[in-house]
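Q: Structure provided below as structure tokens; questions to follow.
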Amino acid sequence: MDENHLLAEGFEAHRGHLRAVAYRMLGSLSEADDAVQEAWLRLSRSDTGAVENLGGWLTTVVGRVCLDMLRSRTARREEPLGVRLPDPVISRASGPGPEDQALLADSVGLALLVVLETLAPAERLAFVLHDLFAVPFDEIAPIVDRTPAAARQLASRARRRVRGAAPVPDADLARQREVVGAFLAAARDGDLEGLIAVLDPDVVLRADYGPAPAPAPREVRGAAAVADQALTFSRLSGPGLHARPALVNGAVGVVSSREGRPYSVLAFTVADGRIVAIDILADPERLSGLDLADLD
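Encoded structure:
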């Protein structure tokens with residue numbers, strides 16, 4: 001077996017891990033794949049004879065690539081259009097397949113990814129690599145051109161932001177389904193009190209409609225306002241909407257379609273028995289690019 005073949009085998013053994021790192025860094029499945037491909041190109045052009053830990057070396061490379069991509073994204077960003085949700089990872093309600101299991105090893109929900117989008121690039125890298133993948137600060141420091149102590153501070157600042165804004169979801173999927181089922185039934189029946197009963201008082205609803213004019217508010221906060229918005233959405237959806245249960249980033253969600261075309265993806269975050277966040281992807285262009293074959 002030649003050296004190139006051995007190198008390719010070693011890379012493939014780490015591909016799932018690298019994609020998981022890149023997805024958490026970028027919130028985009030296509031950009032994550034681009035980052036992983038760039039890592040392979042750099043590996044194939046490098047002298048790896050002295051590399052003792054290929055997985056660690058590749059993780060560092062992917063971190064650098066993602067950091068550059070985040071900084072480039074920040075530099076070219078114009079006036080924000082409003083809420084833009086990260087790409088959802090959708091799998092059947094019975095559980096994700098092997099590829100999605102690797103991608104969602106720590107059940108990174110959309111609510112967490114939304115918060116990560118608000119971090120500065122270096123903070124995001126320090127938090128993702130250290131807190132989610134246990135990379136030592138000695139290895140993170142050179143990626144962000146800081147000392148290990150400064151890298152630790154970056155992660156600490158990010159951690160405070162995440163803890164304050166990203167709720168920890170209930171792990172029990174059966175309980176999640178019970179709460180979400182009650183919410184959907186109340187919305188269908190026009191039961192305002194029933195909706196408020198399953199919503200956290202500080203619940204947030206975020207909707208990504210894409211660049212087109214939004215038919216409804218892109219962000220709504222508070223149980224009463226979210227309940228009212230849910231009733232409005234239920235009325236406007238009308239007949240012909242086919243809803244299928246799914247897992248969205250490992251949590252209970254719903255994928256709706258009309259006339260065979262994706263209409264919306266709803267991701268629910270349930271904590272302490274109540275819904276604390278609802279994230280809706282309703283951008284027709286992004287919905288058309290989703291692979292929903294696993295739900296059929």
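Counted from 1, the sequence shown has number 147 at position 147 by UniProt numbering; the numbering is strictly sequential. The C-beta atom is built at its ideal place from N, Cα and C for all residues, glycine as well.
Between which two residues does the alpha helix (DSSP H) harbouring Pro121 extend?
A: Pro121 to Phe127
Q: Residues in the same chain with beta-carbon distance under 7 Å from Leu110, minus the five sequence neighbours each way, listed in chain order, please.
A: Leu85, Pro86, Pro88, Val248, Asn249, Ala267 and Asp279
Q: Let's test the definition: count the other Cβ atoms within 10 Å of the Cβ of Gly273 and tell me whether it reaches 16, buried, or not, exposed.
A: exposed
Q: Let's test the definition: count the other Cβ atoms within 10 Å of the Cβ of Gly253 and tell me whether it reaches 16, buried, or not, exposed.
A: Burial check for Gly253: the Cβ neighbour count within 10 Å reaches 16 or more, so the residue is buried.
Q: Going along the chain, which residues of its own chain have a beta-carbon closer than 8 Å to the beta-carbon of Val168, five neighbours each way excluded?
A: Ala271
Q: With DSSP run on the structure shown, which of helix, strand or coil describes Tyr209?
A: coil
Q: I think Ala93 touches Ala243, with their Cβ atoms under 8 Å apart; what is that distance to the nearest whole Å?
A: Actually they do not touch by this definition, with Cβ atoms about 12 Å apart.
Q: Taking only the alpha-carbon atoms, compute the straight-line gap between Asp34 and Leu70 and give it to the nearest angstrom.
A: 13 Å
Q: Pick from Ser46, Arg73 and Asp200: whose alpha carbon is nearest that of Gly222?
A: Asp200
Q: Check whether the Cβ atoms of Ile90 and Leu292 sit closer than 8 Å, and answer yes or no.
A: With respect to Leu292, Ile90 sits close: the two C-beta atoms are nearer than 8 Å.
Q: Does residue 323 come out as helix, strand or coil in the three-state DSSP assignment?
A: In this structure the chain extends from 1 to 296, so residue 323 is not present and cannot be described.
Q: With DSSP as the reference, label Glu79 as helix, strand or coil.
A: In this predicted model, Glu79 has a pLDDT of only 44, less than 50, meaning its place in the structure is not dependable; the value taken from the coordinates is given anyway. Coil, per DSSP.
Q: Given 8 Å as the limit, is there contact between the segment 42–61 and the segment 115–125, that is, 3 or more CB pairs closer than that?
A: With fewer than three CB-CB distances shorter than 8 Å, the segment 42–61 does not count as touching the segment 115–125.
Q: Work out the CA separation of Ala171 and Ala165 for me, nearest whole Å.
A: 18 Å
Q: With a threshold of 8 Å, are at least 3 pairs of Cβ atoms found where one atom belongs to the segment 57–73 and the other to the segment 16–29?
A: With a cut-off of 8 Å, the segment 16–29 and the segment 57–73 count as touching, because enough Cβ pairs lie within range.
Q: In the structure shown, what three-state DSSP assignment does Arg152 receive?
A: helix
Q: Using a Cβ-Cβ cut-off of 8 Å (strictly less than) and excluding sequence neighbours within five positions of Phe233, which residues of its own chain qualify?
A: Excluding sequence neighbours, Phe233 sits near Ala187 and Ala216.
Q: Given Ala155, which residues of its chain have a CB within under 6 Å of its CB, disregarding the five upstream and five downstream residues?
A: Ala126, Phe127 and His130
Q: Find the nearest neighbour of Val21 within the set Ala134, Asp189, Asn4 and Arg206, judged by alpha-carbon distance.
A: Ala134
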